[in-house]
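Chains as they are written, first to last, in my numbering: chain A, 18 to 304; chain B, 18 to 304.
There are 2 protein chains.
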Amino acid sequence: MRDFSQSHEQLSLNTATVRKQWKLDRIIDECARRGIGAISPWREQVVAVGLEKVAKQLRDTGTELSGYCRGGFFPAADAAGLKAALDDNRKAIDEAKTVNAPCLVLVVGALPGALDGKAAYKDIARARGEVRDGIAASLEYAKNVGMPLAIEPLHPMQAADRACVNTLEQALDLCDELDPGRSGMLGVACDVYHVWWDPKLQEQIARAGEKRLLAFHVCDWLTPTRDLLNDRGMMGDGVIELKKLREWVEAAGFAGRCEVEIFSEHWWSKPGEEVLDTVIARHKSMV
Amino acid sequence: MRDFSQSHEQLSLNTATVRKQWKLDRIIDECARRGIGAISPWREQVVAVGLEKVAKQLRDTGTELSGYCRGGFFPAADAAGLKAALDDNRKAIDEAKTVNAPCLVLVVGALPGALDGKAAYKDIARARGEVRDGIAASLEYAKNVGMPLAIEPLHPMQAADRACVNTLEQALDLCDELDPGRSGMLGVACDVYHVWWDPKLQEQIARAGEKRLLAFHVCDWLTPTRDLLNDRGMMGDGVIELKKLREWVEAAGFAGRCEVEIFSEHWWSKPGEEVLDTVIARHKSMV
């Protein structure tokens, strides 16, 4: 297991962590200033600054990417919606290529309309079928472009509205079905927040192996958790065994960046500088 | 599949559903008045009225039980805590016997102290071991008394503080380990709220079969869900495919009561009469 205690050279910042404090160009500069050598940005943050401008800034600052957020949201109420989702995923793949991301993270979607409180249908098996078909179609394009797709299983509490892939086992079953040759072009993003509770976690991380483990995200699970989306904890403030989980992914062959992604009204209310300094300190002591 | 549309004779009310409106003696009377022939009461509600008094009222009104809530909370920070939990579970088994319950529902517990925001340890595998040992010890006593134990897998969002058994598969693995002979004395309580999202749900319900399916609970999953504990929906107001899930448990051999259990600040704020009338109507139309 790698020693993170002396340096944060393996740290990457998911830029949602300070999205309410700063625009992306400022985030990139603040990271570079602190020796955070990698980020994982969100599409809307990139668009707000400009894709080419972001790509140039990344090159100029020597900032790498640990992922690009996000593709997915495949299920839809009708054929037009399904097609629009595929078009949008192709666009996301192109953007990811432009900023030289190692993978496009897929938040696969769930019951269409549920995010707005009006599910078009309740059949989660249908949504899962549409996800499978959407990934299959996107994978073809991704292979042509050379952009690996990372399916991110989301916590079961987000199964209705954000992602109906909810365990590592389910994500890996999809990988095996759609990419039986383990080409390296389809894998998973393993975010401890979503999977820490899973009694089969260690077994499924080992099953994933180096070829399928495309990203590793950390934060913490707070007790109590007051919101299903925006109450994630800073590493060390919750109950997730972060070092144990990192040991498992590294034993399986993962040697990439460790990405900190904290959706939190609490941390969004703090000065961005304080958040980044805390992220660095906790990455050394708790991850 | 049984026809529920014309009658609510298979309906049971988990009495937490109206716990803020009425004490248990009033709840039993209001249920009897409406032809709700069964309830599943909570220990604190029973204690507040008096165990013997409740037992007599149940007999006098001809009210049956679909379960008794609850045993469990096995993990503890130290040996004294572990022993206290076993003692309390024996007491719960005795109470369940006194009120003639068909099973004692187990909310198994999780990281000790996490419910109060101060987890004594973070090792969820340790908590799961303590749960296994606690059920094993309680099962011996339960067999002597003749009170089946129903492990209730809780939603993964409650894995830290309430129950570290979070899928039907995990609960059934425990059953197979501790009761390989399928004696009927150890099984599961299948609550749609906790398990609806699980991609392996149908397969695991079939695996459980009649011998292991000791209880079936319904409510609904709202979008959005605003609280991790007390924002459950009335049947039909959310996205769970209730009829499909009931079909699965009945295909597996379940022929018991269908228990409505709704923890909801919204429904707790309504008159109890309105809640019960709505439960009956939705049980006929949506379950």
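Built from N, CA and C at the ideal position, the CB exists for glycine as well.
Limits of the unbroken alpha helix (DSSP H) element including residue i
i, result
"residue 208 (chain B)", "Run containing residue 208 (chain B): none in the alpha helix (DSSP H); it sits in the beta strand (DSSP E), 203-208."
"residue 24 (chain A)", "Run containing residue 24 (chain A): none; DSSP gives neither H nor E here."
"residue 123 (chain A)", "Counting along the chain, residue 123 (chain A) falls outside any alpha helix (DSSP H), though it belongs to the beta strand (DSSP E) covering 121-124."
"residue 289 (chain A)", "289-303"
Residue-level contact to chain B via CB, residue i, 8 Å cutoff
i, result
"residue 240 (chain A)", "yes"
"residue 180 (chain A)", "no"
"residue 134 (chain A)", "yes"
"residue 258 (chain A)", "yes"
"residue 245 (chain A)", "yes"
"residue 94 (chain A)", "no"
"residue 128 (chain A)", "yes"
Start-to-end residues for the beta strand (DSSP E) that takes in residue i
i, result
"residue 88 (chain B)", "85-89"
"residue 167 (chain A)", "166-168"
Residue nearest to residue i in terms of C-alpha spacing, selected from the options
i, options, result
"residue 35 (chain A)", "A:288, A:94 and A:304", "A:288"
"residue 243 (chain A)", "A:234, A:174 and A:159", "A:174"
"residue 232 (chain A)", "A:77, A:176 and A:27", "A:27"
"residue 77 (chain A)", "A:59, A:213 and A:55", "A:55"
"residue 99 (chain B)", "B:37, B:152 and B:251", "B:152"
"residue 191 (chain A)", "B:72, B:51 and B:216", "B:216"
"residue 46 (chain A)", "A:172, A:79 and A:285", "A:79"
"residue 50 (chain A)", "A:304, A:290 and A:65", "A:290"
"residue 148 (chain A)", "A:254, A:168, A:136 and A:72", "A:168"
"residue 139 (chain B)", "B:150, B:133 and B:127", "B:127"
"residue 63 (chain A)", "A:172, A:155 and A:43", "A:43"
"residue 144 (chain B)", "B:117, B:118, B:182 and B:159", "B:182"
"residue 212 (chain B)", "B:114, B:251 and B:237", "B:237"
"residue 205 (chain A)", "A:75, A:59 and A:87", "A:87"
"residue 260 (chain A)", "A:247, A:117 and A:275", "A:275"
"residue 161 (chain B)", "B:200, B:176, B:223 and B:130", "B:200"
"residue 129 (chain A)", "A:227, A:66, A:92 and A:253", "A:92"
"residue 240 (chain A)", "B:120, B:239, B:245 and B:240", "B:245"
"residue 84 (chain A)", "A:300, A:301, A:293 and A:278", "A:278"
"residue 224 (chain A)", "A:210, A:189 and A:284", "A:189"
"residue 207 (chain A)", "A:164, A:196, A:269 and A:256", "A:269"
"residue 250 (chain A)", "A:234, A:186, A:264 and A:265", "A:234"
"residue 202 (chain A)", "A:156, A:214, A:176 and A:221", "A:156"
"residue 119 (chain A)", "A:304, A:196, A:220 and A:273", "A:273"
"residue 41 (chain A)", "A:209, A:61 and A:163", "A:61"
Residue-level contact to chain A via CB, residue i, 8 Å cutoff
i, result
"residue 131 (chain B)", "yes"
Could I get the ranges of all uninterrupted alpha helix (DSSP H) runs contained in the segment 195-282 of chain B, with 4 residues as the minimum, in chain order? As far as the segment 195-282 of chain B is concerned, its whole alpha helix (DSSP H) runs of at least 4 residues are 209-212, 218-229 and 259-268.
Using a Cβ-Cβ cut-off of less than 8 Å, give me the residues of the segment 137-157 of chain B that come near chain A, in sequence order. Hits within the stretch, in order: 139, 140, 141 and 145.
Below 7 Å between beta carbons is the criterion; list the residues of the segment 208-222 of chain A that meet it against any residue of chain B, in chain order. Answer set for the segment 208-222 of chain A: 214 and 216.
Just list the alpha helix (DSSP H) runs in the segment 36-70 of chain A, keeping only unbroken ones of 4 residues or longer that don't cross its boundaries, in chain order. Counting whole runs of 4 or more residues, the segment 36-70 of chain A contains the alpha helix (DSSP H) stretches 41-50 and 60-66.
Could you name the residues of the segment 165-177 of chain B whose beta carbon sits closer than 7 Å to any beta carbon of chain A, in the order they occur along the chain? With the criterion set as a beta carbon lying under 7 Å from some beta carbon of chain A, the members of the segment 165-177 of chain B are 172, 173, 174, 176 and 177, in sequence order.
If the cut-off is 9 Å on Cβ atoms, which residues from the segment 181-198 of chain B count as contacting chain A, listed in chain order? Cβ contacts with chain A: 181, 182, 183, 184, 186, 187 and 190.
Complete runs of the beta strand (DSSP E) confined to the segment 106-160 of chain A [at least 3 residues]: Entirely contained in the segment 106-160 of chain A, the beta strand (DSSP E) runs reaching 3 residues are, in chain order, 121-124.
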